[in-house]
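Colleague: Take 6 as the starting number for the sequence shown in our numbering and just add one per residue. Where a beta carbon is used, it is the ideal one built from N, C-alpha and C, also for glycine.
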Amino acid sequence: MALDHRLSEVVWVQTGRMRRSRFVSRRRDTYLEAARIVGSMLGERLFQKVRSRTISLPRLMSYLKIKVEDEGFQQSYWRIIRELERDQSL
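1) Is S57 a contact residue of the ligand HEM, with contact defined as CB to any heavy atom under 8 Å?
2) Would you list, in sequence order, the uninterrupted alpha helix (DSSP H) runs of no fewer than 4 residues that lie entirely inside the region 39-81?
3) Just mark E14 as buried or exposed, buried being the case when its beta carbon has 16 or more other beta carbons within 10 Å.
4) Give me the Cα-Cα distance between R58 and T35, rounded to the nearest whole angstrom.
5) Determine contact between the region 83-92 and the region 44-58, defined as no fewer than three beta-carbon pairs at a distance below 8 Å.
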């Protein structure tokens, strides 16, 4: 499920279209585990960007201040993904 989401991120950044999820589970713990893995992958990418000085600490802090329960979280999440992937392709 986590890899399926990661593939959706890559497709969205490259094509601008949202890819339909291929994985559906009835178990809530599957979604929680996938969220943990996706969060770990995002955290690793953010760490590498800060370490390589591709993004600044103030920018990282602005990302970390976004609350998951906020109404605009989904838009913010996809904006961050696009920024990280765009920097990666340089």
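Modeller: Judging by the given coordinates:
1) No copy of the ligand HEM occurs in the structure displayed, which carries no ligand at all.
2) The region 39-81 is shown to contain whole alpha helix (DSSP H) runs of 4 or more residues at 62-69, in chain order.
3) Translated into the one-based positions of the sequence shown, residue 14 becomes position 9. Label assigned to E14: buried.
4) Reading the sequence shown from its first residue, position 53 is the one you call residue 58. Reading the sequence shown from its first residue, position 30 is the one you call residue 35. Approximately 34 Å, taken between the alpha carbons.
5) The region 83-92 is in contact with the region 44-58.
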